[in-house]
Amino acid sequence: MKTTTIRLGGVPEHFNLPIHLAIENGIFDANGINVAWTTYQGGTGQMTKALRNNETDACILLTEGIIHDIIAGNPSKIISAYVTSPLIWGIHTGIKNVLEKHKDIYDKQYAISRFGSGSHLMAIVDATTQEKELSSEQFTVIKNLGGALQSLENLSTDVFYWEKFTTKPYVDAGQLKRVGEFLTPWPCFVIAATDNILKREPEAVKTFLQIVHTQCEQFMKTDSHLPLVAKRYDQKPEDVQAWFSATQWASDSKVDNGMIAKVIQYLELANMVEADANIPDLVWRN
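Residue -4 is where the sequence shown starts when you use my numbering, and the numbers rise one by one after that.
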C-alpha cells in the first residue's frame, strides 16, 4: 500500500482530540496516510502563514481567518467543515486591571496573537456588532497565550479574546479575569489545505477526510473519553461536560455557501475585505 504523508497543523486545544486519537491508534496509518502533526501555539494567524509558506499541507483553523487569508492571496482551499457549532470566545483582562464589563472594552488596548488571527478578527467583529470601530493602534501582537498572560499582567494590554474553555484554568487560578463572552456568528473551525497538496494527492486528501469525519462522529456518540479531555487539557470535569455538550463536529465535508457569504459580509463590515473585492474560489470542489 502506498503511504502518503500529510503535514497537518492545529492549535493545542481539545477540539482536535478526535484527530490525535486517530493518529495514536494508527487509524490513518492503516489507510495509507501518515499524518505528521504540528502544534501551532500562535493560532490561526500562524497557521495561515504556514500554509502560504508551504510549511504544512493542511490545518484546522478558524473559519473567518482562513476565508480572510484566501481572499488576500493564500494559495489554499477550505476542504471541509470541522466544528460546526460556534466558538465561545472568552473576553479577558488582567487581574490588576480595573476593567470589569464587556461594554467598556472598545476603547482599550487589545492583545492579539497576530494580525489576521482569530483574536484579532473576532475583536473587530464583536466591535462591529456594537457599532464600534477599532483602530490598528489598539492592537498589540503578543504571539500566543503565554504572551497574553504576561502582557495583561503588566498592564501593557487590557483585552484578550481566546477560546473560553482553554482559558478557564487561568481564570480559576486567578491569572485572568473574564469580563464577557462572544459567540462566533458561524461554525467555528474548518479544515483547509494548500492547492499544492490538493493537486498532488487528491485521493489521499479524500481518504484523510473520510477518516476524520468517521472519528469525529464516533467521538460525539459517547462521553467516555471526557476524563481524558480533562486530564490532557487541564480542565475540570464539569467544564469538559459543558464544552462537550455545546460542541458539534462535522460528519461530512460539506461547506455551506450561505455561511461563507455571511463571513465575507462581516469581514466587509469590519473593513477587513473591500466591498468590491474579487472573491476567489474558497472551497475545494473535489
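Ideal placement from N, C-alpha and C gives every residue a C-beta, glycine not left out.
- Can you say whether L150 is buried or exposed, counting buried as having 16 or more other CB atoms within 10 angstroms of its CB? The residue given as residue 150 occupies position 155 in the sequence shown. Answer is exposed; the Cβ neighbour count stays below 16.
- Message: If contacts are defined as beta-carbon pairs under 8 angstroms, then P275 and I66 qualify, I think. What distance do you get, rounded to the angstrom?
- Response: Residue numbering aside, residue 275 sits at position 280 when the sequence shown is read from its first letter. Residue numbering aside, residue 66 sits at position 71 when the sequence shown is read from its first letter. Their Cβ separation, rounded to whole angstroms, is 7 angstroms, which keeps P275 and I66 in contact under 8 angstroms.
- Unbroken stretches of the beta strand (DSSP E), 3 residues or longer, contained in the stretch 9 to 42: 28 to 34
- Message: In whole angstroms, give me the CA-to-CA distance for L3 and D52.
- Response: Numbered from its first residue, the sequence shown carries residue 3 at position 8. Numbered from its first residue, the sequence shown carries residue 52 at position 57. Roughly 6 angstroms between the two C-alpha positions.
- Distance between beta carbons of Q236 and F160, contact taken as under 8 angstroms: Here the question's residue 160 lines up with position 165 in the sequence shown. Here the question's residue 236 lines up with position 241 in the sequence shown. Rounded, the Cβ-Cβ distance is 11 angstroms, inconsistent with contact.
- Item | Exposed unless 16 or more other CB atoms sit within 10 angstroms - verdict on D153 | Position 158 of the sequence shown, counting from 1, holds the residue named residue 153. Its Cβ being crowded by 16 or more others within 10 Å, D153 is buried.
- Message: Can you give me the C-alpha to C-alpha distance between L277 and N48, rounded to a whole angstrom?
- Response: Looking up residue 277 in the sequence shown gives position 282. Looking up residue 48 in the sequence shown gives position 53. Rounded to the nearest angstrom, the two C-alpha atoms are 18 angstroms apart.
- Tell me, please, whether the CB atom of E212 is closer than 8 angstroms to any CB atom in chain C? Of the protein chains in the structure, only one exists, and it is not chain C.
- Which of helix, strand or coil does DSSP assign to T(-1)? The residue given as residue -1 occupies position 4 in the sequence shown. DSSP places T(-1) in strand when its eight states are reduced to three.
- At which residues does the beta strand (DSSP E) containing A237 begin and terminate? Along the sequence shown, one-based indexing puts residue 237 at 242. Taken as a continuous stretch (DSSP letters only), A237 belongs to no beta strand (DSSP E), being part of the alpha helix (DSSP H) at 232 to 240.
- Query: Where does the unbroken alpha helix (DSSP H) through K172 begin, and where does it stop?
  - Reply: Residue 172 sits at position 177 when you count from the first residue of the sequence shown. Not the alpha helix (DSSP H): K172 falls in the beta strand (DSSP E), residues 172 to 178.
- Of the residues N281, G38, V6, which one's Cα is nearest the Cα of S248? If you number the sequence shown from 1, residue 248 lands on position 253. Of the candidates N281, G38, V6, the one whose C-alpha sits nearest the C-alpha of S248 is N281.
- Message: According to DSSP, simplified to helix, strand and coil, what is C211?
- Response: Taking the sequence shown and counting its residues from 1, one reaches residue 211 at position 216. Residue state, collapsed to three classes: helix.
- Message: Can you confirm whether the stretch 126 to 140 touches the stretch 73 to 87 when touching is taken to mean that 3 or more C-beta pairs between the two stretches lie within less than 8 angstroms?
- Response: no
- What does K72 pair with, by DSSP beta-bridge criteria? Translated into the one-based positions of the sequence shown, residue 72 becomes position 77. A188.
- Inter-residue Cα distance where the pair is P182 and S114: Taking the first residue of the sequence shown as 1, we reach residue 182 at position 187. Taking the first residue of the sequence shown as 1, we reach residue 114 at position 119. If I take the Cα positions, the gap works out to 16 angstroms.
- T256 classed as buried or exposed, judged by whether at least 16 other C-beta atoms fall within 10 angstroms: Within the sequence shown, the letter at position 261 stands for residue 256. The residue asked about is misnamed: residue 256 is Ala in this sequence, not Thr. Flag for A256 reads exposed.
- Message: Rounded to the nearest angstrom, what separates K201 and G169 at their Cα positions?
- Response: Taking the first residue of the sequence shown as position 1, residue 201 is located at position 206. Taking the first residue of the sequence shown as position 1, residue 169 is located at position 174. Using only the alpha carbons, I get a separation of about 45 angstroms.
- According to DSSP, is Y101 helix, strand or coil? Residue numbering aside, residue 101 sits at position 106 when the sequence shown is read from its first letter. Y101 falls in the coil class under three-state DSSP.
- Identify the continuous alpha helix (DSSP H) that holds T135 and give its terminal residues. Here residue 135 refers to the residue found at position 140 of the sequence shown. Unbroken run through T135 is the beta strand (DSSP E), 134 to 136; no alpha helix (DSSP H).
- Under three-state DSSP, which class holds F155? Residue 155 sits at position 160 when you count from the first residue of the sequence shown. In this structure, F155 counts as strand in the three-state DSSP scheme.
- Any 3 or more C-beta pairs closer than 8 angstroms across the stretch 206 to 223 and the stretch 35 to 42: no
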